[in-house]
Amino acid sequence: MAIADPLYLSEAGVSRAGWRMEAPMSHSAAVDERSPRIPVTSPWQATLSGLCASLVGIGLARFAYTPLLPAIIDAHWFAASAATYLGAANLVGYLAGALLARPLTQRVSTTLVLRAMMLVATAAFFACAFPLSFLWFFAWRIASGISGGALMVLAAPVVLPHVPHARRGLASGLIFAGVGLGIAASGTLVPLLLRQGLEQTWLGLGLLALILTAIAWTGWPRHPAAVPPAPHAARGTHPTRQLQALYAEYGLNAVGLVPHMIFLVDFVARGLGQGLDAGAQYWVLFGLGAIVGPIVTGHLADRTGYGSALRLAYLIQAAAVALPMLGLGSSGLIVSSVIVGAFTPGIVPLVLGRVQELLAHHPAAQKGAWSAATTSFAVLQATAAYGMSFLFTATGGDYRLLFILGASALILALAVDLTISVMRGSRE
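Each residue of the sequence shown is one higher than the one before, counting from 2 in the numbering used here.
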């Protein structure tokens, strides 16, 4: 029987390792087993491309700016207030990129958009080496944010349908490990580059992004893949209420991450009086957690299902975010930094997998739902960042309030998930 879809996964097309993929055969080729099969992009190549995309577009383009901010101010490139706005520009661009990604793919191929966005992020690094004016710098920071938002929405959904279902959680984790690698680089590689100078640091990051873009260039899948039904998915009508709840949960999770993402170093350095060096050490721990987090959460989801893994993630995060205000000393801070760092990118494959799980029988709606989830995350993250910054200033530097708000948001996310589960169970 001929297969209509240009690319599909069959038992013969996936090796025992689960990471080899072959093109389908026509009817005549199926009859003649001697006919050659045409290889297409393998799942591991596509996964590597996804990892490079998240590393360039988010890991480096967003998080590398954190250690560069003091250097930009010290070098008198921009005043402190202006430099802060430049940091926020990336978040604004990220939201725009998340919104524009799908409309762009309706005009040109997704692969072309992915390649273009990685090139834009790379160009932004080189452009920022030359602070010609505030508007110049601001525009390129916006552009880097747009590329990050688009890559977040498009990369993983393009790759994962080509991966055997039993390995999708792990593959998703590997893709978003790029975010963690970028966070780790912000605490290790960037300080080393800064010894050569600020301009050289931007150029070095641009060169690294260019290399990663070249690695990813030919790894993107050339054709769409047929997606078999997920074993954890519930059959039935379109799960609108569950999706709306998931969007809210993902946004609340973003709020819960803000205290550590923005205030962790400052809390250790000034709030605890341990200095910037100690604060930087905890940021490195945060980054180390971020490297392994997506892989661990993805593997967990492969074993338990995405719904159960998400509920466990909300609970663990709430406890970890609350730890700094309990005064448990360095041990508590270490645990808190590593765990929250792990879930900063680690929550992403769980939510993406849950979207695909809920819409297993509505594959055409998956990309739109993931775009909506990413937008919810971006909006609430930016809102929480500005809101908590305002509260921090208004309260005279009350770190405890920030951690309370973050933990509360995560508890609320868990409550929303449990409520929807109970309501769904009662109807069934």
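We put the CB at the ideal spot given by N, CA and C, even for glycine. The structure displayed is predicted, hence computed values, not measured ones.
(request) Give the secondary structure of Asp-75 by DSSP, where H, G and I count as helix, E and B as strand, and everything else as coil. (result) Correct three-state label for Asp-75: helix.
(message) Taking its Cβ as the centre, do 16 or more other Cβ atoms sit within 10 Å of Val-109, making it buried, or is it exposed?
(response) Residue environment: Val-109 is assigned as exposed (fewer than 16 neighbouring CB atoms within 10 Å of its CB, all protein chains considered).
(request) Please list, in chain order, all residues of the same chain as Leu-360 whose beta carbon is under 7 Å from its beta carbon, the five residues on each side excluded. (result) Closer than 7 Å at Cβ, skipping near neighbours: Ala-366, Gln-367 and Ala-370.
(message) Given this structure, state the Cα-to-Cα distance separating Leu-411 from Gly-188, to the nearest angstrom.
(response) When rounded, the distance between both Cα atoms is 26 Å.
(request) Going by CA-CA distance only, name the one from Leu-247, Gly-398, Val-121 and Ala-84 that's closest to Ile-348. (result) The residue among Leu-247, Gly-398, Val-121 and Ala-84 with its C-alpha nearest the C-alpha of Ile-348 is Leu-247.
(request) State the DSSP-derived secondary structure class of Ser-390, mapped to helix, strand or coil. (result) DSSP places Ser-390 in the helix class (H, G or I) of the three-state scheme.
(message) Measuring only the C-alpha atoms, how far is Ala-128 from Ser-422?
(response) Their backbone Cα atoms lie some 49 Å apart in a straight line.
(message) Give me, in chain order, the residues of the same chain whose beta-carbon lies closer than 6 Å to that of Ala-279; leave out the 5 immediate sequence neighbours on both sides.
(response) Closer than 6 Å at the Cβ level, and outside the excluded window around Ala-279, lie Val-269.
(message) Which of the three DSSP states is assigned to Cys-129 in this structure?
(response) Looking at Cys-129 - three-state DSSP - the assignment turns out to be coil, as it is neither helix nor strand.
(request) Could you check the C-alpha separation between Trp-218 and Ser-50 for me, to the nearest Å? (result) Their Cα atoms are separated by approximately 7 Å.
(message) With H, G and I counted as helix, E and B as strand and the rest as coil, what does DSSP make of Ala-416?
(response) It is helical.
(request) Tell me whether Ser-309 sits in a helix, a strand or coil according to DSSP, three-state version. (result) Here Ser-309 sits in helix by DSSP.
(request) Verify whether the separation of the beta carbon atoms of Pro-295 and Phe-177 is less than 8 Å. (result) Yes. Within cutoff.
(message) I believe Pro-260 touches Gly-407 by the beta-carbon criterion, under 8 Å. Please report the beta-carbon distance rounded to the nearest angstrom.
(response) Between the beta-carbon of Pro-260 and that of Gly-407 there is about 4 Å, and that keeps the pair under the 8 Å contact cut.
(message) Suppose you measure from the CA of Gly-94 to the CA of Ala-122; what does that come to, to the nearest Å?
(response) Looking at the two C-alpha atoms, the distance is approximately 11 Å.
(request) For the alpha helix (DSSP H) containing Trp-203, list its first residue and its last residue. (result) Counting along the chain, the alpha helix (DSSP H) containing Trp-203 begins and ends at 199-218.
(message) Taking the alpha-carbon of Ser-331 as reference, which of Arg-355, Leu-273 and Gly-288 has the nearest alpha-carbon?
(response) Each of Arg-355, Leu-273 and Gly-288 was checked against the Cα of Ser-331, and the nearest Cα belongs to Leu-273.
(request) Would you kindly check if the distance between the Cβ of Tyr-307 and the Cβ of Leu-415 is under 8 Å? (result) Result no, Cβ atoms of Leu-415 and Tyr-307 do not sit closer than 8 Å.
(request) Can you give me the Cβ contacts of Glu-200 inside the same chain, cut-off strictly under 6 Å, excluding the 5 residues immediately before and after it? (result) Closer than 6 Å at Cβ, skipping near neighbours: Ala-130.
(message) I believe Gly-179 touches Ala-54 by the beta-carbon criterion, under 8 Å. Please report the beta-carbon distance rounded to the nearest angstrom.
(response) Indeed they touch by this definition, with Cβ atoms about 7 Å apart.
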